[in-house]
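Okay, structure first, notes after.
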Amino acid sequence: MRNKSIAFAFLALNASAMPAAAHASLDHSDPRVGNTVKSSPSAVTLWFTQRLEPAFSSAQVTNASGAVVSTGASVSGTVMRLGVRSLPPGTYRVHWKVLSVDTHTTEGNFTFRVGQ
Amino acid sequence: MFTRLARAVLCGPALALIPLGAGAHEIVGNRFFPATLVADDPGVNDELSLPTASLFKTSDIPSVNELDIAVEFSKRITDDFALIVQPTWTHLYVPGGPLGNGASGFQNLETTAKYRVYKNAEHEFVLSVGLVAEWANTGAKSLSVDTFTTYTPTLFFGKGLGDLPDAVWWARPLAVTGVFGYAIPSRSRTIIATADPDSGDVTVDNSPNPRFFNWGGSIQYSMPYLKTAVNDLGLPDFFNHLIPLVEASLQTPVSNFAGLDNVKTTGTINPGVLWVGDYFQVGVEAIIPVSRQSGTSVGMIAQLHLYLDDLFPTTIGKPIFGGPVTPAKPF
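These protein sequence lines map, in sequence, to chains A and B.
Each residue of the first sequence is one higher than the last, beginning at 37 in the working numbering.
Each residue of the second sequence is one higher than the last, beginning at 118 in the working numbering.
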């Protein structure tokens, strides 16, 4: 019984109610990381594991030649939304760099494809 | 850690201590390097392993069971420099023997000073240097702990393979870590005089204290990396937190071992898996000796590892000294 209590206590460390805030890592995105969508999305949405500081969190989408095709980012809680222009078929890379509310900075990138 | 196992193998006491990694998780760009259990990793962070437990059979003839329970506390002094303290309690006992048989106590205290020299987010590369010290006579005499201090200047690195080309996208979640150290005893020889209680005869054991090249590392496949940086396959969330890995920890005698038997490379290979969360990770690995001199059967090692920098980011989870946190630069 005591062992169960200890196990639950540690599992609770990962609960969302935890007062601390860990590094903000990317949890998932839409379009999904590495996946292909049939047509141009109207936006790219990123879900993070922690709340973000909007003033110090941003992202952009670039095409295969490196040109920026996103039109701006908005942040609300753990979600970042990037507007994008109409994307022709091709491979696009999302670069993100965020500051979580506990001041940890993290960054990353991934690709998705349109119509290929 | 490394030196303990190797020295035990060469000198022949019952104690044959498995190395326990003094490591910390590290984030380099897309890459998350977890704390590893056996081979030291390059991370510099505020962390607590509570505990790391291992059970295996020593290389002695006949072999005895050895249970090690270690605690590791890593504290950043600056953002790039950390001090690590690792006490380890050991219980040696004969399998199937009477209850309470064997010997117990703390091993010599081990400390590590580690400095992160270089970090490259684009190529997921990190390099650290450190000095590992195992302090003489800080452990239990019943375990025949060393009466000399061993200093091990050490190089650590980590490299993620996220910069591989698209044709081998499936290999991008791979990462390797490595550790290379040169263990230098503070005394070149250990002289122990023992008197026979019956005859009164005195025997003198004069043994060299060898120098070792300690080497090892890990190969990891990060499912979190696969999901968030390569290809989100829509797997159940539990699998997206797993990092299967194989660690290796080996010790090669380099010098000052004349007259000793079993002068060979010894160590263990450790396949296992980690589950990493936002605030802690758990890991379990097998301990597979690479030779008869390294152990006599497969053992197990398990660890609960807490990320203090995430649990307590404004108190014990931040560096003691250092400037304000650099905010992310908007694009």
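A virtual CB, placed ideally from N, CA and C, is assigned to each residue, including glycine.
(Q) Suppose the cutoff is 6 Å on Cβ atoms and the five residues either side in sequence are ignored; what does the same chain contact list for Val-249(B) look like? (A) Thr-229, Thr-269, Thr-271
Q. Is there contact between the segment 286–302 of chain B and the segment 315–335 of chain B, where contact requires at least three CB pairs shorter than 8 Å?
A. yes
Q | chain B contact for Thr-114(A) (CB, 8 Å cutoff) | A | No - not a single Cβ of chain B is within 8 Å of the one on Thr-114(A).
Q | Identity of the residue in Thr-345(B), Ala-199(B), Asp-378(B) nearest Ser-324(B) by Cα | A | Taking only the C-alpha atoms, the option nearest Ser-324(B) is Asp-378(B).
Q: Check the Cβ of Val-69(A) against every Cβ in chain B and list those closer than 8 Å, keeping chain order.
A: Lys-344, Thr-345, Ala-346, Val-347, Asn-348, Asp-349
Q. The beta strand (DSSP E) spanning Asp-322(B) covers which residue range?
A. 319–325
**Q.** Range covered by the alpha helix (DSSP H) that runs through Leu-425(B)
**A.** 425–428
Q: Please report how far the alpha carbon of Arg-233(B) lies from the alpha carbon of Leu-135(A), in whole angstroms.
A: 22 Å
(Q) Does any residue of chain A have a CB that is nearer than 8 Å to the CB of Gly-146(B)? (A) Yes, its Cβ sits closer than 8 Å to a Cβ of chain A.
(Q) Helix, strand or coil for His-208(B)? Go by DSSP, reduced to three states. (A) For His-208(B), the three-state secondary structure derived from DSSP is strand.
Q | Contacting residues, own chain, Cβ-Cβ under 7 Å from Asp-395(B) (five flanking each side not counted) | A | Asp-427
Q. Mapping DSSP to helix, strand and coil, what is Phe-92(A)?
A. Of the three classes helix, strand and coil, the one that applies to Phe-92(A) here is helix, per DSSP.
Q.
Buried or exposed, going by whether 16 or more other CB atoms sit within 10 Å of the CB of Phe-404(B)?
A. Looking at the sequence shown, residue 404(B) is not Phe but Ile. So Ile-404(B) ends up on the buried side.
Q. Looking at the structure shown, is Leu-167(B) part of a helix, part of a strand, or coil, going by DSSP?
A. strand
Q. Given that a residue counts as buried once 16 or more other Cβ atoms are within 10 Å of its Cβ, and exposed if not, what is Ile-308(B)?
A. In summary, Ile-308(B) is exposed, with fewer than 16 beta-carbon neighbours lying within 10 Å of its beta-carbon over all protein chains present.
Q) Between the beta-carbon of Asn-387(B) and the beta-carbon of Ile-418(B), is there less than 8 Å? A) yes
Q. Under the three-state reduction of DSSP, which class applies to Ala-375(B): helix, strand or coil?
A. coil
Q) Out of curiosity, what's the CA-to-CA distance linking Val-319(B) and Thr-175(B)? A) Each residue's alpha carbon lies about 29 Å from the other.
Q | Contacts that Gly-144(A) makes with chain B (C-beta to C-beta distance below 8 Å) | A | Gly-146, Asn-147, Thr-345, Ala-346
Q.
Contact between the segment 366–380 of chain B and the segment 92–99 of chain A is defined here as three or more beta-carbon pairs at a separation below 8 Å; is this criterion met?
A. no
Q.
Please tell me whether Ile-194(B) and Pro-406(B) are closer than 8 Å, where the distance is taken between their beta carbons.
A. no
Q | Beta-carbon proximity of Thr-139(A) to Pro-430(B), cut-off 8 Å | A | yes
Q | Check: Leu-278(B) C-beta below 7 Å from any heavy atom of the ligand FMN | A | Because no ligand of any kind appears in the structure shown, any question about the ligand FMN cannot be addressed here.
Q. So, does the CB of Thr-107(A) fall closer than 8 Å to a CB anywhere in chain B?
A. Cβ-Cβ to chain B under 8 Å: no for Thr-107(A).
Q: With DSSP collapsed to three states, give me the class of Phe-438(B).
A: coil
Q: Please say whether Leu-118(A) and Ser-76(A) have beta carbons closer to each other than 8 Å?
A: With respect to Leu-118(A), Ser-76(A) sits apart: the two C-beta atoms are not nearer than 8 Å.
Q: Just the C-alpha distance for Thr-413(B) and Leu-367(B), rounded to the nearest angstrom, thanks.
A: 16 Å
Q.
Relative to the C-alpha of Gln-86(A), which candidate in Gly-126(A), Ala-79(A), Met-116(A) has its C-alpha closest?
A. Met-116(A)
(Q) Assuming contact is defined by CB atoms lying nearer than 8 Å, are Glu-364(B) and Thr-205(B) in contact in what I supplied? (A) Between Glu-364(B) and Thr-205(B), the C-beta spacing is not below 8 Å.
Q: Mind listing the chain D neighbours of Pro-436(B)? Cutoff is C-beta to C-beta under 8 Å, in chain order.
A: Reference to chain D is not applicable here, since the protein chains of this structure are A and B.
Q) Can you find a CB in chain A that lies within less than 8 Å of the CB of Pro-430(B)? A) yes
Q) Can the beta-carbon of Val-347(B) be found less than 8 Å from the beta-carbon of Trp-286(B)? A) yes
Q: Assuming Thr-165(B) contacts Leu-425(B) (C-beta within less than 8 Å), just tell me the rounded distance between them.
A: It should be noted that the sequence gives Leu, not Thr, for residue 165(B). The Cβ separation is near 6 Å, so the contact holds.
Q. If you follow the beta strand (DSSP E) that Ala-109(A) is part of, which residue opens it and which one closes it?
A. Ala-109(A) -> beta strand (DSSP E) spans 106–112.
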